[in-house]
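Quick note, the sequences are listed as chains A and B, same order.
Last residue of the first sequence? That's 418 in UniProt numbering, and every number before it is there in order.
Last residue of the second sequence? That's 327 in UniProt numbering, and every number before it is there in order.
Below is one structure; the comments refer to it alone.
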Amino acid sequence: MTTEKITMPQLGESVTEGTISTWLVSVGDKVNKYDPIAEVLTDKVNAEVPSSFTGKIVELTVEEGKTVAVGDVICIIEVEGNDSVTTEHENKENVVLEKQNTDHTDHSMKKRYSPAVLRLAQENDIDLTSVMGTGRGGRITRKDIEKLLETGITNSTNNPSQPRESHESNKGKSTAPAESVSAALDGDIEIPVTGVRRAISEKMVRSKQEIPHAWMTVEVDVTDLVSFRDSKKDEFKRKEGFNLTYFAFFVKAVATALKKYPQLNSTWAGDKIIQRKDVHLSIAVAANDSLFVPVIKHADEKSIKGIARDIHELAMKAREKRLTQEDIQGGTFTVNNTGSFGSIQSMGIINHPQAAILQVESIVKRPVIINNMFAARDMVNLCLSLDHRILDGLICGQFLREIKQTLEKMNEDTISIY
Amino acid sequence: MAIMTYIQAITSALREEMLRDEKVFVLGEDVGKKGGVFRATDGLYDEFGEYRVLDTPLSESAIAGVGIGAAMYGMRPVAEMQFADFILPAVNQIISEAAKIRYRSNNDWNVPMTIRAPYGGGVHGALYHSQSVEAIFANQPGLKIVMPSTPYDAKGLLKSAIRDNDPVLFFEHKRAYRLLKGEVPEEDYTLPIGKAEVKREGADITVITYGLCVHFALQAAEKLEKEGISTHILDLRTVYPLDKDSIIEAAKKTGKVLLITEDNKEGSIIGEVAAIIAENCLFDLDAPIKRLAGPDVPAMPYAPTMEKFFMINPEKCEKAMRDLAEF
Chain A
1 MTTEKITMPQ LGESVTEGTI STWLVSVGDK VNKYDPIAEV LTDKVNAEVP
51 SSFTGKIVEL TVEEGKTVAV GDVICIIEVE GNDSVTTEHE NKENVVLEKQ
101 NTDHTDHSMK KRYSPAVLRL AQENDIDLTS VMGTGRGGRI TRKDIEKLLE
151 TGITNSTNNP SQPRESHESN KGKSTAPAES VSAALDGDIE IPVTGVRRAI
201 SEKMVRSKQE IPHAWMTVEV DVTDLVSFRD SKKDEFKRKE GFNLTYFAFF
251 VKAVATALKK YPQLNSTWAG DKIIQRKDVH LSIAVAANDS LFVPVIKHAD
301 EKSIKGIARD IHELAMKARE KRLTQEDIQG GTFTVNNTGS FGSIQSMGII
351 NHPQAAILQV ESIVKRPVII NNMFAARDMV NLCLSLDHRI LDGLICGQFL
401 REIKQTLEKM NEDTISIY
Chain B
1 MAIMTYIQAI TSALREEMLR DEKVFVLGED VGKKGGVFRA TDGLYDEFGE
51 YRVLDTPLSE SAIAGVGIGA AMYGMRPVAE MQFADFILPA VNQIISEAAK
101 IRYRSNNDWN VPMTIRAPYG GGVHGALYHS QSVEAIFANQ PGLKIVMPST
151 PYDAKGLLKS AIRDNDPVLF FEHKRAYRLL KGEVPEEDYT LPIGKAEVKR
201 EGADITVITY GLCVHFALQA AEKLEKEGIS THILDLRTVY PLDKDSIIEA
251 AKKTGKVLLI TEDNKEGSII GEVAAIIAEN CLFDLDAPIK RLAGPDVPAM
301 PYAPTMEKFF MINPEKCEKA MRDLAEF
């Protein structure tokens with residue numbers, strides 16, 4: 001019996017250290033050569049470290065979560081017999097199974113078809129692009145095809161890549177009416193899904209399927225804002241030629257809060273989150289049978305009047321179907337004026353790929369207790385839908401409180417429209 | 001059935017044929033009183049006497065020439081070259097005379113002669129005692145070259161060679177002589193010359209080889225089986241002329257073919273095997289036809305490390321087989 005040391009392998013050319021994320025064995029375990037013994041995390045890859053020996057684990061010299069240099073001993077193993085002559089050599093070429101590589105990186109041979117594979121594919125009408133290869137570099141082997149044929153599946157829609165395909169077809173399906181209810185009965189009207197409606201449906205499905213939505217609502221007392229706005233609206237309309245809407249005040253408050261909480265002004269990008277520097281607010285505009293979300297650019301830099309003008313112009317353009325690509329792109333956060341429909345609470349679908357959407361509900365007069373007395377106050381609900389991959393309740397709560405405080409402080413003395 | 005070594009199988013084939021047919025006689029250097037340097041003819045001198053077990057001068061061209069003459073006269077000589085390396089002085093007799101007499105005489109004459117010779121390395125024999133010479137003779141129509149891999153095949157094929165009416169070169173791997181043991185029937189039997197044999201059924205890769213390498217491949221296949229790699233092994237047995245049908249069938253079976261020989265790679269028997277596969281199996285091939293062979297250096301070195309580098313062994317087979325399986 002001799003003991004051998006297993007060292008941290010080199011997991012990439014420029015990698016000098018690795019972190020043991022999980023031990024897959026414990027002291028006393030028997031392992032075979034090449035059995036994985038630990039999962040190692042480096043800044044480049046996640047990998048399994050295989051045992052260089054067959055034997056019994058005697059000691060794990062590195063704790064989980066600890067980072068050690070390449071070549072450091074991570075574990076000691078008791079080996080039967082004496083094959084230490086080969087140890088040096090074995091260690092050097094310690095085979096590392098890079099998950100990345102085996103999983104999806106190396107598909108260099110995917111489209112190199114051998115004569116046998118081509119013949120079988122042609123004879124049996126198999127679409128090779130949808131067959132998963134088990135050969136080196138993802139190559140499709142003759143055996144892969146033979147197995148496919150053995151299972152009796154010769155149709156290309158049903159081969160090993162089925163999961164991906166069915167996923168895609170699911171996507172297509174869910175945007176279309178479900179099969180079972182698609183038959184129109186007498187007197188029903190069939191409206192073909194085209195153009196904007198199709199775009200809306202696809203976008204909504206995508207957002208709802210991809211983004212894990214969570215919701216929050218705060219109640220805001222806007223009594224002062226209401227009286228201020230009521231006192232100014234006629235004069236404003238006369239002077240400027242367009243309406244001074246409540247919505248402009250809400251947009252302004254949101255834009256300011258986003259500067260303070262940029263976490264909500266961001267995008268999920270798979271392996272990272274992109275926080276946007278600019279605050280471009282998308283606003284939802286309903287027009288007959290359509291829904292548009294034109295963008296108020298640099299909303300944080302604009303006065304309430306400026307925002308009110310943008311809202312006015314964008315809404316006009318949307319109704320007259322004059323919106324340009326420029327008008328609708330670049331939004332980083334959406335504010336939706338659901339209150340204009342009389343809604344007092346709603347759960348918006350996030351405008352993909354943004355991180356959140358805020359629904360501004362109807363302002364309603366309600367009895368509210370202030371200083372232990374009932375008072376008639378103008379109340380509004382602000383409903384936030386958030387991408388829970390990016391955001392958590394804490395930050396969103398802070399964000400909403402910021403808006404709430406801003407709005408509740410808005411009165412004749414604090415607001416400048418211009 | 002009795003368990004015999006490879007060389008015991010050779011000796012018993014010789015003895016039984018000499019008993020069966022009095023025209024059969026052996027000749028060669030030290031084959032008589034000494035019984036051969038490898039003891040292949042051990043006991044034959046005592047049993048059959050000096051007229052049927054001839055010690056010859058150190059002249060391979062004479063051994064071949066005497067054999068050819070006796071064979072043309074109706075005898076069935078079994079000539080022994082002490083080492084295959086020493087066959088070269090006899091090449092003119094073998095290629096220009098033995099191989100061509102039936103053709104040249106329009107079937108009037110033939111040479112029912114067998115030439116036995118131990119070949120191959122791995123026994124620290126170095127330059128003059130390790131060569132594989134089969135490729136030298138393997139494009140001479142009129143000759144047959146037999147290279148058995150087991151005691152059973154050796155006995156059955158040697159009997160067929162002796163009974164064959166044309167010249168047969170019979171190469172025995174000298175390392176196999178005492179290394180390999182196997183069951184050999186006591187009753188008389190022969191095996192067909194020109195027929196390859198499947199030594200192992202498999203589905204993932206095909207190995208085609210001959211001689212001692214068959215065993216290396218079998219050992220490697222045993223190990224790979226545990227990894228889930230299933231190996232089909234075809235033993236050529238006769239390397240000239242080749243059993244094309246069996247080669248094609250074996251190659252088509254898996255579409256991944258590894259050819260193994262101990263001979264220098266370029267110009268070896270397996271190059272011809274590769275050509276047969278390439279000509280006939282294109283649409284069944286799933287990988288390039290691979291060859292595992294000795295390096296293209298002039299001779300097997302004496303130094304053990306260098307000899308190991310030159311020789312085929314189970315580890316080299318295993319590596320090449322796994323590599324092909326993974327392709």
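Each residue gets a CB set at the ideal place from its N, CA and C atoms; glycine is no exception.
Classification of D413 of chain A by the beta-carbon crowding that lies within 10 angstroms, buried from 16 upward:
On the first sequence, position 413 is the one that residue 413 of chain A refers to. Answer is exposed; the Cβ neighbour count stays below 16.
Within a Cβ cutoff of 6 angstroms, which residues of the same chain sit near E190 of chain A, ignoring the five residues on either side of it in sequence?
Walking along the first sequence from the start, residue 190 of chain A turns up at place 190. Taking E190 of chain A as the centre and dropping the five residues before and after it, the same chain places the C-beta of A184 closer than 6 angstroms to its C-beta, in chain order.
What residues in the stretch 182–205 of chain B have a beta carbon less than 9 angstroms from any beta carbon of chain A?
A203, D204
CA-CA distance, E134 of chain B and T67 of chain A?
Working through the second sequence from its first residue, we reach residue 134 of chain B at position 134. Working through the first sequence from its first residue, we reach residue 67 of chain A at position 67. Rounded to the nearest angstrom, the two C-alpha atoms are 60 angstroms apart.
Quick test of your reading: P151 of chain B and R237 of chain B, contact by CB under 8 angstroms. State the CB separation rounded to the nearest angstrom.
In the second sequence, counting from the first residue as 1, residue 151 of chain B sits at position 151. In the second sequence, counting from the first residue as 1, residue 237 of chain B sits at position 237. The C-beta distance from P151 of chain B to R237 of chain B rounds to 13 angstroms, too long to meet the 8 angstroms contact threshold.
Do V70 of chain A and T7 of chain A have their C-beta atoms within less than 9 angstroms of each other?
Locating residue 70 of chain A in the first sequence gives position 70, where the first residue counts as 1. Locating residue 7 of chain A in the first sequence gives position 7, where the first residue counts as 1. Yes.
Using DSSP with H/G/I as helix, E/B as strand and the rest coil, what is E361 of chain A?
Residue 361 of chain A sits at position 361 when you count from the first residue of the first sequence. It is a strand residue.
D204 of chain B in three-state terms, based on DSSP
Here the question's residue 204 of chain B lines up with position 204 in the second sequence. Three-state DSSP puts D204 of chain B in coil, outside helix and strand.
E187 of chain B: which of B:A13, B:E262, B:T41, B:I208 sits nearest, CA to CA?
Your numbering for residue 187 of chain B matches position 187 in the second sequence. Of the listed residues, the one whose Cα sits closest to E187 of chain B is B:A13.
Step through the CB atoms of chain B and report whether any lies within less than 9 angstroms of the CB of V31 of chain A.
Sequence index remark: in the first sequence, residue 31 of chain A carries index 31 (1-based). Output row for V31 of chain A: interface = no.
Could you spell out where the alpha helix (DSSP H) holding T256 of chain A opens and where it closes?
Here residue 256 of chain A corresponds to residue number 256 of the first sequence, with the count starting at 1. Looking at the DSSP string, the run of the alpha helix (DSSP H) that includes T256 of chain A is 246–260.
Under 9 angstroms between C-beta atoms, does F283 of chain B make it to chain A?
Residue mapping note: residue 283 of chain B aligns to position 283 of the second sequence, counting from 1. At least one chain A Cβ lies under 9 angstroms of F283 of chain B.
Best match in B:S130, B:I7, B:N313 for proximity to F86 of chain B [C-alpha to C-alpha]:
Residue numbering aside, residue 86 of chain B sits at position 86 when the second sequence is read from its first letter. It is B:S130 whose Cα lies nearest to the Cα of F86 of chain B.
Which stretch, first to last residue, makes up the beta strand (DSSP E) that contains I115 of chain B?
On the second sequence, position 115 is the one that residue 115 of chain B refers to. Looking at the DSSP string, the run of the beta strand (DSSP E) that includes I115 of chain B is 114–119.
Report the neighbours of G135 of chain A on chain B: residues whose CB is nearer than 9 angstroms to its CB, in chain order.
For the purposes of this step, residue 135 of chain A is taken as the residue at position 135 of the first sequence. In chain order: D286, A287, E326, F327.
Beta-carbon contacts of G67 of chain B that lie in its chain and below 6 angstroms, excluding the five residues immediately before and after:
Stepping through the second sequence from its first residue, residue 67 of chain B is reached at position 67. Closer than 6 angstroms at Cβ, skipping near neighbours: P77, A79, M113.
To the nearest angstrom, how far is the alpha carbon of G32 of chain B from that of N110 of chain B?
The residue given as residue 32 of chain B occupies position 32 in the second sequence. The residue given as residue 110 of chain B occupies position 110 in the second sequence. Distance between the alpha carbons of G32 of chain B and N110 of chain B: 27 angstroms.
For A196 of chain B, is the classification buried or exposed, using 16 other Cβ atoms within 10 angstroms of its Cβ as the cut-off for buried?
As a working mapping, residue 196 of chain B is identified with position 196 in the second sequence. It is buried - the Cβ of A196 of chain B has at least 16 other Cβ atoms within 10 Å.
Can you tell me which residues form a DSSP beta bridge with M109 of chain A?
Taking the first sequence and counting its residues from 1, one reaches residue 109 of chain A at position 109. According to DSSP, M109 of chain A bridges with nothing at all.
With 9 angstroms set as the bound, which would you pick, yes or no: does the beta-carbon of G156 of chain B sit closer than that to a beta-carbon of chain A?
What you label residue 156 of chain B is simply residue 156 of the second sequence in a count that begins at 1. Cβ-Cβ to chain A under 9 angstroms: no for G156 of chain B.
Provide the residue span of the alpha helix (DSSP H) that contains N124 of chain A, from first to last.
Taking the first sequence and counting its residues from 1, one reaches residue 124 of chain A at position 124. Premise fails: N124 of chain A is in no alpha helix (DSSP H) and is neither H nor E.
Which of the three DSSP states is assigned to K181 of chain B in this structure?
By one-based count along the second sequence, residue 181 of chain B stands at place 181. DSSP places K181 of chain B in strand when its eight states are reduced to three.
Once DSSP output is grouped into helix, strand and coil, what is the label at Q263 of chain A?
The residue you call residue 263 of chain A lines up with position 263 of the first sequence. Reduced to three states, the DSSP call for Q263 of chain A is helix.
Leaving out five residues before and five after residue 331 of chain B in sequence, what residues of the same chain have Cβ atoms less than 7 angstroms from its Cβ?
The first residue shown for chain B is 1 and the last is 327, placing residue 331 of chain B beyond what the model contains.
For chain A, is any of its Cβ atoms less than 9 angstroms away from the one on M311 of chain B?
What you label residue 311 of chain B is simply residue 311 of the second sequence in a count that begins at 1. It does not: the Cβ of M311 of chain B has no partner Cβ on chain A nearer than 9 angstroms.
Does DSSP put A135 of chain B in a helix, in a strand, or in coil?
Taking the second sequence and counting its residues from 1, the one referred to as residue 135 of chain B is at position 135. Looking at A135 of chain B - three-state DSSP - the assignment turns out to be helix.
Per DSSP, what kind of secondary structure is V131 of chain A in: helix, strand or coil?
Start at 1 with the first residue of the first sequence, and residue 131 of chain A comes out as number 131. The answer is coil: DSSP assigns V131 of chain A none of H, G, I, E or B.
Give the secondary structure of Q354 of chain A by DSSP, where H, G and I count as helix, E and B as strand, and everything else as coil.
For the purposes of this step, residue 354 of chain A is taken as residue 354 along the first sequence, with counting starting at 1. Here Q354 of chain A sits in strand by DSSP.
Segment contact flag, the stretch 274–293 of chain B with the stretch 244–259 of chain B, C-beta cutoff 8 angstroms, min 3 pairs
With the cut-off at 8 angstroms, the stretch 274–293 of chain B and the stretch 244–259 of chain B touch.
On the CB-based measure, 16 or more other CB atoms within 10 Å of its CB, does G65 of chain A come out buried or exposed?
Here the question's residue 65 of chain A lines up with position 65 in the first sequence. It is exposed - the Cβ of G65 of chain A has fewer than 16 other Cβ atoms within 10 Å.
Would you mind stating whether Y119 of chain B and S132 of chain B have Cβ atoms separated by less than 9 angstroms?
Here the question's residue 119 of chain B lines up with position 119 in the second sequence. Here the question's residue 132 of chain B lines up with position 132 in the second sequence. Yes. Within cutoff.
Return the CA-CA distance between T245 of chain A and L225 of chain A, expressed in angstroms with no decimal places.
Sequence index remark: in the first sequence, residue 245 of chain A carries index 245 (1-based). Sequence index remark: in the first sequence, residue 225 of chain A carries index 225 (1-based). Between T245 of chain A and L225 of chain A, the C-alpha separation is close to 11 angstroms.
Neighbour flag for V131 of chain A against chain B, beta carbons, 9 angstroms:
Translated into positions along the first sequence, residue 131 of chain A becomes position 131. Answer no: the Cβ-Cβ gap between V131 of chain A and chain B never drops below 9 angstroms.
Using a Cβ-Cβ cutoff of less than 6 angstroms, which residues in the same chain neighbour A325 of chain B once the five nearest sequence positions on both sides are dropped?
Position 325 of the second sequence, counting from 1, holds the residue named residue 325 of chain B. Excluding positions up to five away in sequence, the list reads D204, I205, I229.
Tell me whether L185 of chain A sits in a helix, a strand or coil according to DSSP, three-state version.
The sequence position of residue 185 of chain A within the first sequence is 185, counting from 1. Correct three-state label for L185 of chain A: coil.
Taking contact to mean at least 3 C-beta pairs separated by less than 8 angstroms, is the stretch 381–399 of chain A in contact with the stretch 201–214 of chain A?
yes
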